[in-house]
Amino acid sequence: METLSRPVGAALAAVTGTVARVRDGRAMHARGVLLRGTLVVAEDEAGAASVPQGRTPVTVRVSLGAGLPRGLPDVVGIAVRWTDDGAPQDVLFASSGRGRLTRFLLVPRRALLGGWLSTLMPLRSPHGPRVLALRPDHDAARGAGTPVLEVLEATPLGAWHRFGAVELHGPEAGSAHDGDDPEVRFDPTGHAPRHLGTYGWEDALRARGYRAARRAGGPAAR
């Protein structure tokens, strides 16, 4: 699969590089907002070995893939970052379905927090390949007074299991105009969490597109 994904990655590089030059910035997910958040994971939950346990501060960026006018369906992106010994640890999610096949497919939505988001590709966990997902937890949000996203995991074709939550707080301190910061970029390959690595075929698929976007529009990815 890795040998097949290299030419695909080259095609993506041409597309994302061109779009970045036209838009003078990020090739995708140009419109977004940086938020403070808290990752909450119980130690005894299955899946907890892959992410920090307890309550961990995170930076969250919520964005639109194409930056279409308000009201039009767009791909929603959510990037989550924590640090491990000072090193950024990034996991990226995009609006998707929840089924055995649709968890790997992009699903445009009108509402930023209107449904499921997944990593789209499996990550390398201590227990084998896992797909991670987020979904709004409206009951918890009412109790907390702030948006809450459930964190779930599944084998590529398996059932979902909830093992944590992300609480979204106010804008990140120091975020620039309109609540975003063009200098904050997320990289799911270069900043893959220590216990949630990526596979070689995923890296080949992403790498060329990200390099082209960096050359055309500045530092890193989303």
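Under our numbering, the sequence shown has 305 at position 127, and the numbering climbs by one with no breaks.
The beta-carbon is built from N, C-alpha and C at its ideal position, and this holds for glycine as well.
For the beta strand (DSSP E) holding residue i, just list the boundary residues, first then last.
| i | result |
| --- | --- |
| residue 322 | Not the beta strand (DSSP E): residue 322 falls in the alpha helix (DSSP H), residues 316-322. |
| residue 361 | Per DSSP, residue 361 belongs to no beta strand (DSSP E) and is neither H nor E. |
| residue 268 | 265-273 |
| residue 373 | Counting along the chain, residue 373 falls outside any beta strand (DSSP E), and DSSP gives it neither H nor E. |
| residue 303 | 301-303 |
| residue 248 | No beta strand (DSSP E) contains residue 248, which DSSP labels as neither H nor E. |
| residue 330 | 326-332 |
| residue 349 | 339-349 |
Less than 8 Å between the C-beta atoms of residue i and residue j, yes or no?
| i | j | result |
| --- | --- | --- |
| residue 238 | residue 256 | yes |
| residue 347 | residue 212 | no |
| residue 288 | residue 251 | yes |
| residue 311 | residue 218 | no |
Mapping DSSP to helix, strand and coil, what is residue i?
| i | result |
| --- | --- |
| residue 217 | strand |
| residue 382 | helix |
| residue 478 | The shown model of the chain, from 179 to 400, leaves out residue 478, and the question about it has no answer. |
| residue 281 | helix |
Between the Cα of residue i and the Cα atoms of the options, which residue gives the shortest distance?
| i | options | result |
| --- | --- | --- |
| residue 384 | 328, 368, 232, 275 | 368 |
| residue 271 | 283, 278, 265, 262 | 283 |
| residue 230 | 243, 216, 241, 240 | 216 |
| residue 300 | 344, 241, 370, 249 | 370 |
| residue 364 | 250, 252, 267, 218 | 267 |
| residue 315 | 335, 333, 309, 294 | 294 |
| residue 318 | 269, 310, 328 | 328 |
| residue 376 | 303, 311, 253, 338 | 303 |
Strictly by DSSP, which residues pair up with residue i?
| i | result |
| --- | --- |
| residue 254 | 242 |
| residue 307 | 302 |
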